[in-house]
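The opening position of the sequence shown corresponds to residue 314 in this note's numbering, with each subsequent residue numbered one higher. By construction, the Cβ of each residue, glycine as well, lies at the ideal position given by its N, Cα and C atoms. Note that this is a predicted model, so its numbers are computed, not measured.
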Amino acid sequence: MAAERFVIRGGRALAGEVSVFGSKNAATKAMIASLLTDEPCTIANIPRSQEVAITTELCERIGSNVAHGLDHFCSIETPEVRVTSVLGLSRRNRIPILAIGPLLHRRGEAEVPFLGGDPIGHRPIDFHLEALSRMGAKIERRADSYYAKAARVRGAEISFPFPSVGATESVLLTAVLAEGDTLIENAAVEPEVLNLIVMLTAMGALISCDADRRRIEIRGVVRLSGVRHRVIPDRNEAVSFAAAALATGGDVLVRDADISHLGAFLDVLQELGGGVRQEQEGLRFIGAPAWRNTVIRTAPHPGFMTDWQQPLSILLTKAEGASIIHETVYEDRLGYLKDLARMDARVTVSDECLENSPCRFAGRTFNHSARIEGPSRLKGAEIAITDIRAGMAHIIAALAAEGESVISGVEHIDRGYERLDDRLRALGADIQRIAE
Ligand code: EPU
Numbered sequence: 314m315a316a317e318r319f320v321i322r323g324g325r326a327l328a329g330e331v332s333v334f335g336s337k338n339a340a341t342k343a344m345i346a347s348l349l350t351d352e353p354c355t356i357a358n359i360p361r362s363q364e365v366a367i368t369t370e371l372c373e374r375i376g377s378n379v380a381h382g383l384d385h386f387c388s389i390e391t392p393e394v395r396v397t398s399v400l401g402l403s404r405r406n407r408i409p410i411l412a413i414g415p416l417l418h419r420r421g422e423a424e425v426p427f428l429g430g431d432p433i434g435h436r437p438i439d440f441h442l443e444a445l446s447r448m449g450a451k452i453e454r455r456a457d458s459y460y461a462k463a464a465r466v467r468g469a470e471i472s473f474p475f476p477s478v479g480a481t482e483s484v485l486l487t488a489v490l491a492e493g494d495t496l497i498e499n500a501a502v503e504p505e506v507l508n509l510i511v512m513l514t515a516m517g518a519l520i521s522c523d524a525d526r527r528r529i530e531i532r533g534v535v536r537l538s539g540v541r542h543r544v545i546p547d548r549n550e551a552v553s554f555a556a557a558a559l560a561t562g563g564d565v566l567v568r569d570a571d572i573s574h575l576g577a578f579l580d581v582l583q584e585l586g587g588g589v590r591q592e593q594e595g596l597r598f599i600g601a602p603a604w605r606n607t608v609i610r611t612a613p614h615p616g617f618m619t620d621w622q623q624p625l626s627i628l629l630t631k632a633e634g635a636s637i638i639h640e641t642v643y644e645d646r647l648g649y650l651k652d653l654a655r656m657d658a659r660v661t662v663s664d665e666c667l668e669n670s671p672c673r674f675a676g677r678t679f680n681h682s683a684r685i686e687g688p689s690r691l692k693g694a695e696i697a698i699t700d701i702r703a704g705m706a707h708i709i710a711a712l713a714a715e716g717e718s719v720i721s722g723v724e725h726i727d728r729g730y731e732r733l734d735d736r737l738r739a740l741g742a743d744i745q746r747i748a749e
């Protein structure tokens, strides 16, 4: 596919209505969960993002018949696992490792490539590998892959050093068909993880989740059946559209935004000065003439999500005084602020915990804290984006800025958002997609 760029002329207030599509980070996991059964599964509310396309390719390689229908429906059935090595797939996302559990159950072995995904930190997979080993898998690191083998997969007691979304999902996808019981302590309880639990339970899995205590118990069963499942609305899309509406001084109804997934975001919005109203069909975001400064500390759910600080940073450039972003989930997720500075934002990034409350990165050399002084008038610029959420921040900055911005690396946006440019244009944005 030819590389594409967005050309954005900023300064237009967004107005109208936009629907939030299904969560890519829940949809891709649901597709992997379908590999646990040979019966047909139907998954509703699947977004048509590139991340879903990559996962479709992965499942098809393994042996699934996948049909994406109209209206975001996907039927997926894997009567037989034809291939247990998905090595041929390049390092394009973080999903293949989740297929290890299902492949071990169906065929006793799995080989997956090293993981790709956004360059936002070191992103190790040691928690996944350690947990799978405890459950009986023998894992070998090869030149370009991990090879796992298990004659029997058994339950285990697992306690994560940090509540990792992916590692919690890995264990869930392995424990549901394991012999005996599994206990996950310090589990991730993100809405996407809970959505996976809903699907697995409907397939016949026995899972009890105490989200407040971050404890998940799984009793292995012998087989799982097909299911009809619905993917939750994408809370990252909801926040992205909200931030775009607010930063441009607009008025946008974000339909289908699930307020129960957005608590920490809405709390920060109150500190900034409001601008949200709940309506029957969703949440309406209305720009304000001035914003107050605030402190954002990212954290696992129910904290303020790490994927939200980038879109919100644009509002912080508009707030009166100094705001702080303290990123405590990924060690290297503030690189995009350099480019924001080129758009005339006043930003300094530090390896200290600027918020006065140290996190696990304290005393290390990671630039994980930022001070943003506002208010600034942003100017258009040429920006090359390198990851989904940072890319979204640059798009929002460009929409709010004076003048023209040219944004390359659009493929990162297409991985996470379906037809973002069309949907922004429908809200009045001046955004064009052009071939490089
Ligand atoms: N971690 C380890 N070892 C592991 C696994 C994780 O040290 O084995 C660390 C990570 O390095 C990171 C922290 O634990 O510092 C949290 O990582 P987590 O495993 O929770 O993240 P993930 O599962 O790889 C998912 C989403 C991310 C989202 C995070 C946090 C998918 C495909 N990705 O990543 O989404 O930011 O959870 O909620 O579900 C995005 O959509 O743009 C995106 C990056």
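Over what stretch of residues does the beta strand (DSSP E) that includes Phe598 continue unbroken?
-> From DSSP, the beta strand (DSSP E) with Phe598 extends over 595-599.
Got a sec: does the ligand EPU put a non-hydrogen atom nearer than 7 Å to the Cβ of Gly729?
-> Taking the Cβ of Gly729 as the reference point, at least one heavy atom of the ligand EPU falls within a distance shorter than 7 Å.
Residue range of the alpha helix (DSSP H) that Asp743 falls in?
-> Here Asp743 belongs to no alpha helix (DSSP H); instead the beta strand (DSSP E) covers 743-748.
Can you find a CB in chain D that lies within less than 8 Å of the CB of Asp564?
-> Absent here is chain D; the protein component of the structure consists of one chain.
Would you say the region 542-552 touches the region 647-655, given that touching needs at least three Cβ pairs under 8 Å?
-> Note that the region 542-552 does not touch the region 647-655; fewer than 3 beta-carbon pairs, one per stretch, sit closer than 8 Å.
For Ala556 versus Ile709, is the C-beta spacing smaller than 8 Å?
-> In contact: Ala556 and Ile709 (Cβ atoms closer than 8 Å).
Could you tell me the distance, in whole angstroms, from the CA atom of Ala488 to the CA atom of Arg532?
-> If you take the alpha carbons of Ala488 and Arg532, they lie about 7 Å apart.
Go through its chain and collect everything with a Cβ distance to Leu416's Cβ below 6 Å, but skip five positions before and after it.
-> Counting only Cβ-Cβ distances below 6 Å, and skipping sequence neighbours, we find Thr397, Ala423.
Can you tell me where the beta strand (DSSP E) with Asp564 in it begins and where it stops?
-> Residues 564-568.
Around the C-beta of Lys451, are 16 or more other C-beta atoms found within 10 angstroms, so that it is buried, or is it exposed?
-> Lys451 comes out exposed.
Return the chain-ordered ranges of every beta strand (DSSP E) run that is complete within the region 370-424 and spans a minimum of 3 residues.
-> Runs found: 378-381, 387-390.
According to DSSP, which residues form a beta bridge with Gly634?
-> Answer is Gly687.
Status (buried if at least 16 other CB within 10 Å, exposed otherwise) for Phe475 = Classification of Phe475: exposed, given that the 10 Å Cβ count is below 16.
Near Gln745, which residues of its chain fall below 6 Å by C-beta distance, leaving aside the five closest residues on each side in sequence?
-> Excluding the 5 residues flanking it on each side, Gln745 has same chain C-beta neighbours closer than 6 Å at Val320, in chain order.
Among Glu717, Ile698, Ala612, Leu625, which one has its Cα closest to the Cα of Phe674?
-> Nearest of Glu717, Ile698, Ala612, Leu625 to Phe674, Cα basis: Ala612.
So the beta strand (DSSP E) Val589 belongs to, where does it begin and stop?
-> That run of the beta strand (DSSP E) goes 589-592.
What do you reckon, is the C-beta of Ser663 under 7 Å from a heavy atom of the ligand EPU?
-> When distances are taken from the beta-carbon of Ser663 to the heavy atoms of the ligand EPU, even the shortest one reaches 7 Å or more.
Around the Cβ of Pro426, are there at least 16 other Cβ atoms within 10 angstroms (buried) or fewer (exposed)?
-> So Pro426 counts as buried.
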